[in-house]
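Chains as they are written, first to last, in this note's numbering: chain D, 40 to 350; chain U, 6 to 430.
Glycine included, C-beta positions come from ideal geometry on N, C-alpha and C.
Everything below concerns the one structure shown next.
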Amino acid sequence: MAAVTQHLSTRHLLGIKDLTAEDIHLIFHTSDNFKEVINRPIRKVPSLRDVTIANLFFENSTRTRISFELAEKRLSADVVNFSASSSSVKKGETLLDTVNNILSMKVDMVVMRHPAPCAPKFLSEHIDANIINAGDGTHEHPTQALLDAFSMQEKVGRLTGKKVAIFGDILHSRVALSNIFCLQKLGAEVTVCGPPTLIPKHIERLGVHVSYNRDETLAWCDIANILRIQLERQDIKYFPSLREYAQYFGVDRRALDRTGKELVVMHPGPINRGVEISSDVADSEHSIILQQVENGVAVRMAILYLLAART
Amino acid sequence: MKILIRKATIIDRTSEYHNKVMDILVSDAVILRIGQDLPAAAAAEVIEMEGLFVSPGWVDLGVQVGDPGFEHREDLDSVAQAAAAGGFTGIGPFPNTEPVIQAKPEVNYLLQKTHHSVLDIYPIGAITRNCKGLDITEMIDMHKVGAVAFSDGHTSIQNNGMMMRALQYVKAFGGIVINHPHDISIAGEGQIHEGYVSTALGMKGIPDMAEEMMVQRDIYLAEYTNSRVHISGISSRRSVDLIRGAKSRGIAVSCSVPVLNLVFTDQMLLDFNAQFKVLPPLRQQEDVEGLRAGLLDGTIDMITSNHVPLEVEQKQLEFAYAGFGAIGLETAYALANTHFGDKLGQEGLVTHFSRKPRQIFGLPEVVLQEGSKATLTLFQPDLSWTFKLDQRYSKSANSPLNGQVLKGKVVGIINKGRSFFRVNP
Numbered sequence: 040m041a042a043v044t045q046h047l048s049t050r051h052l053l054g055i056k057d058l059t060a061e062d063i064h065l066i067f068h069t070s071d072n073f074k075e076v077i078n079r080p081i082r083k084v085p086s087l088r089d090v091t092i093a094n095l096f097f098e099n100s101t102r103t104r105i106s107f108e109l110a111e112k113r114l115s116a117d118v119v120n121f122s123a124s125s126s127s128v129k130k131g132e133t134l135l136d137t138v139n140n141i142l143s144m145k146v147d148m149v150v151m152r153h154p155a156p157c158a159p160k161f162l163s164e165h166i167d168a169n170i171i172n173a174g175d176g177t178h179e180h181p182t183q184a185l186l187d188a189f190s191m192q193e194k195v196g197r198l199t200g201k202k203v204a205i206f207g208d209i210l211h212s213r214v215a216l217s218n219i220f221c222l223q224k225l226g227a228e229v230t231v232c233g234p235p236t237l238i239p240k241h242i243e244r245l246g247v248h249v250s251y252n253r254d255e256t257l258a259w260c261d262i263a264n265i266l267r268i269q270l271e272r273q274d275i276k277y278f279p280s281l282r283e284y285a286q287y288f289g290v291d292r293r294a295l296d297r298t299g300k301e302l303v304v305m306h307p308g309p310i311n312r313g314v315e316i317s318s319d320v321a322d323s324e325h326s327i328i329l330q331q332v333e334n335g336v337a338v339r340m341a342i343l344y345l346l347a348a349r350t
Numbered sequence: 006m007k008i009l010i011r012k013a014t015i016i017d018r019t020s021e022y023h024n025k026v027m028d029i030l031v032s033d034a035v036i037l038r039i040g041q042d043l044p045a046a047a048a049a050e051v052i053e054m055e056g057l058f059v060s061p062g063w064v065d066l067g068v069q070v071g072d073p074g075f076e077h078r079e080d081l082d083s084v085a086q087a088a089a090a091g092g093f094t095g096i097g098p099f100p101n102t103e104p105v106i107q108a109k110p111e112v113n114y115l116l117q118k119t120h121h122s123v124l125d126i127y128p129i130g131a132i133t134r135n136c137k138g139l140d141i142t143e144m145i146d147m148h149k150v151g152a153v154a155f156s157d158g159h160t161s162i163q164n165n166g167m168m169m170r171a172l173q174y175v176k177a178f179g180g181i182v183i184n185h186p187h188d189i190s191i192a193g194e195g196q197i198h199e200g201y202v203s204t205a206l207g208m209k210g211i212p213d214m215a216e217e218m219m220v221q222r223d224i225y226l227a228e229y230t231n232s233r234v235h236i237s238g239i240s241s242r243r244s245v246d247l248i249r250g251a252k253s254r255g256i257a258v259s260c261s262v263p264v265l266n267l268v269f270t271d272q273m274l275l276d277f278n279a280q281f282k283v284l285p286p287l288r289q290q291e292d293v294e295g296l297r298a299g300l301l302d303g304t305i306d307m308i309t310s311n312h313v314p315l316e317v318e319q320k321q322l323e324f325a326y327a328g329f330g331a332i333g334l335e336t337a338y339a340l341a342n343t344h345f346g347d348k349l350g351q352e353g354l355v356t357h358f359s360r361k362p363r364q365i366f367g368l369p370e371v372v373l374q375e376g377s378k379a380t381l382t383l384f385q386p387d388l389s390w391t392f393k394l395d396q397r398y399s400k401s402a403n404s405p406l407n408g409q410v411l412k413g414k415v416v417g418i419i420n421k422g423r424s425f426f427r428v429n430p
């Protein structure tokens, strides 16, 4: 693997907001190398030997947790996993106490998912380890945005001037927010599209376009990133039924065909088939959903590797 | 008790000594003499300081105290010190305690417990049982034993009919209802002002409309019932516009604004500083400007400290779980004077901290003249000092102002034949 001569500008990955475009390109360059590594017969490198990483998941996650764990293991790190439902932690021990307990056992890096926006930042102000945000409430999910952009770039080349549409529940989505920040830093143009009740009122002030019309948005974009309808994060009803949602905002084959052009279709998973995306789109030649998952491991390896170099 | 105040500028437009530098001799609870070069009486304590000002005692209605129920946050003794250190000779505690101040015994508790305090307590009784917004309390009874106003405090009255009946009911004794405008069905679980900052942080927002719709409602209801409403803690420019319009139509509405909302915007939250997590939320620059304009043209009647003491465990948490509120009694005047003392002048500040609230809530008027009650605030408007939390008087430490250099310092207060002077630097 090529030696990395540059460093990230930050020692934590709390959000895309804190990264520079150079940081993102460095992560992508490093990810390229690690992607080559994980396709070799021997997929393990000793880069993080003797580095201990705690994966703290205060909210349910399957794919992000497995992706991180694989990335850590392929870098030869020692890994401990901690899962707790947020409610039990909230009732008893504070986040700070929980994490300090774990850190007393000499942990170097913390990967954390938490339901409260800014929980990783709060932690970074109080403890010494490198912190990686694996999703904090409705705030950011930086590794997802990085692997999304990396996958887009792999498919269509440099993102400068490219048009990316994000479909779905923008209001409850940390993926949307991180995607917006990341794509803008890479020079892409972004439209968010969904029912008006799921689009934050002031989202245009982030410099994105807003559309309530699926077909117009599909016709406009080069890449469609379709988000999961977050039924679990909606405290009240924002739209009447999944049926109506699928009909007017879901992306299916007919809607894609109407555009008469080749679109790249993405989804961060897990998919609600037949709701925001139909099976014939998810499994089509347009879809890069499984490449996203593969790239997820390489991108997370790159991030862990670059942050470990910053201690 | 005999105290001689030397060479103090008197700020009291109802006094013949307004804007004059005088000596004031206080004997027990009364102003004995005002004059030039008064002889230091035998047992007198003499107060002589550079740039000393004296005004009628300041009051703050809508202070959160933890007594009874949350004494670890603030009890009636500690709040008396914090208030006095901030120049207040009287406060009206909100009824959100445990138990709630909702009947005669609780009102009596507050008054009896503070009988010997330097601080005047002006009880505010709850409008509804346990501030739940459902059943009306015995307001006439509470009024008879000394409640000066009625409010569910930090819990807004959500139900329109309930607010209407409360406004009607207090007319039985010429009372006044205080409501904090915050429509829960719109504000929901909002954490900060809804705008660019909340969007960029992925944080649930509190739209300014959640406040303005309730301001508008309370104006309608005050007009319909021909009763008096005080809207406490406004934060948006349009709320000022609505109240300005209502006042010009002769509706009996008054309002207050927390000093933090007159100074800071939601930009302070960009790095998730939970000490700035307050209600009403810090809004935008145009709101700050609208509020200040309302202060200058008289639309806004009072500046409040919006004092909400919280234990450290309530703030040292993930932002979304941190409690709302900041302590403010000790810094309210200094913060106001630092940021708009030039525009308002000391007379303007004293109007908002003393004269107007005394009028609105029917509190004893204080005039600086011989023979009057000695309820006095002593302060040095030109003195700069650094607010340090480890030298505070409040029991709680949830202030965003630690380490800030402020212009204008309170020396202390004289009230009820007692005095309190700051000893902390």
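Can you check whether the C-beta of residue i is within less than 9 Å of a C-beta belonging to chain U?
{"i": "residue 161(D)", "result": "yes"}
{"i": "residue 244(D)", "result": "yes"}
{"i": "residue 59(D)", "result": "no"}
{"i": "residue 134(D)", "result": "yes"}
{"i": "residue 255(D)", "result": "no"}
{"i": "residue 126(D)", "result": "Only weak support exists for where residue 126(D) lies, its pLDDT of 49 falling under 50; the coordinates are left without a value."}
{"i": "residue 258(D)", "result": "no"}
{"i": "residue 153(D)", "result": "yes"}
{"i": "residue 158(D)", "result": "yes"}
{"i": "residue 56(D)", "result": "yes"}
Can you give the Cα-Cα distance for residue i and residue j, rounded to whole angstroms?
{"i": "residue 277(D)", "j": "residue 268(D)", "result": "11 Å"}
{"i": "residue 147(D)", "j": "residue 189(U)", "result": "43 Å"}
{"i": "residue 1(U)", "j": "residue 186(U)", "result": "Lying before the first or after the last residue shown, residue 1(U) is absent from chain U, which here runs from 6 to 430."}
{"i": "residue 316(U)", "j": "residue 406(U)", "result": "16 Å"}
{"i": "residue 27(U)", "j": "residue 387(U)", "result": "18 Å"}
{"i": "residue 167(D)", "j": "residue 145(D)", "result": "10 Å"}
{"i": "residue 160(D)", "j": "residue 312(U)", "result": "27 Å"}
{"i": "residue 68(D)", "j": "residue 152(D)", "result": "26 Å"}
{"i": "residue 180(D)", "j": "residue 284(D)", "result": "25 Å"}
{"i": "residue 322(U)", "j": "residue 291(D)", "result": "43 Å"}
{"i": "residue 228(D)", "j": "residue 107(D)", "result": "29 Å"}
{"i": "residue 419(U)", "j": "residue 57(D)", "result": "52 Å"}
{"i": "residue 198(D)", "j": "residue 86(D)", "result": "30 Å"}
{"i": "residue 415(U)", "j": "residue 350(U)", "result": "16 Å"}
Let me know the secondary structure DSSP gives residue i once reduced to three states.
{"i": "residue 125(U)", "result": "strand"}
{"i": "residue 256(U)", "result": "coil"}
{"i": "residue 241(D)", "result": "coil"}
{"i": "residue 312(D)", "result": "strand"}
{"i": "residue 414(U)", "result": "strand"}
{"i": "residue 301(U)", "result": "helix"}
{"i": "residue 117(U)", "result": "helix"}
{"i": "residue 274(U)", "result": "helix"}
{"i": "residue 157(U)", "result": "coil"}
{"i": "residue 385(U)", "result": "strand"}
{"i": "residue 68(D)", "result": "helix"}
Run down chain A in chain order and give the residues with a C-beta less than 7 Å from the C-beta of residue i.
{"i": "residue 408(U)", "result": "The chain inventory of the structure shown lacks chain A, comprising the protein chains D and U."}
Does any C-beta atom of chain D lie closer than 9 Å to the C-beta of residue i?
{"i": "residue 201(U)", "result": "yes"}
{"i": "residue 387(U)", "result": "no"}
{"i": "residue 209(U)", "result": "yes"}
What do you reckon, is the C-beta of residue i under 8 Å from a heavy atom of the ligand FMN?
{"i": "residue 65(U)", "result": "Summarising the ligand content, the structure contains no ligands, and the ligand FMN is consequently not present."}
| query | Given a limit of 7 Å on CB to CB distance, which residues of the region 202-221 of chain D reach chain U? | reply | 213 and 216
| What residues from the region 305-319 of chain D come within 8 Å of chain U, judged by C-beta to C-beta, listed N to C? | none
| request: Please list the residues of the region 314-330 of chain U that have a C-beta atom closer than 8 Å to any C-beta atom in chain D, keeping them in chain order. | output: For the region 314-330 of chain U, the set of residues with a beta-carbon nearer than 8 Å to any beta-carbon of chain D comprises 318, 321, 322, 323, 324, 325 and 326, in chain order.
| request: Specify whether the region 83-94 of chain U and the region 38-58 of chain U touch according to this definition: at least 3 beta carbon pairs, one from each stretch, less than 8 Å apart. | output: no
| task | Assess, as a yes-or-no matter, whether the region 57-66 of chain U is touched by the region 371-381 of chain U under the definition of 3 or more beta carbon pairs within less than 8 Å. | result | yes
| Counting Cβ pairs, one atom from each stretch, are 3 or more of them under 8 Å apart for the region 199-212 of chain U and the region 149-162 of chain D? | Of all C-beta pairs linking the region 199-212 of chain U to the region 149-162 of chain D, three or more are shorter than 8 Å, placing the two stretches in contact.
| said: With a threshold of 8 Å, are at least 3 pairs of Cβ atoms found where one atom belongs to the region 238-251 of chain U and the other to the region 261-280 of chain U? | reply: For the pair of segments examined, the region 238-251 of chain U was found to touch the region 261-280 of chain U: the number of CB pairs separated by less than 8 Å reaches three.
| Contact list for the region 225-240 of chain D against chain U, Cβ threshold 7 Å | 239 and 240
| message | For the pair the region 145-159 of chain U and the region 126-136 of chain U, tell me if three or more CB-CB distances fall below 8 Å. | response | yes
| query | Do the region 274-290 of chain U and the region 393-408 of chain U touch if we need at least three Cβ pairs shorter than 8 Å? | reply | yes
| request: Could you say if the region 185-205 of chain D and the region 329-347 of chain D meet the contact criterion of at least three C-beta pairs nearer than 8 Å? | output: yes
| request: Could you please tell me which residues of the region 166-197 of chain D, in chain order, have their CB closer than 7 Å to any CB of chain U? | output: 176, 177, 178 and 179
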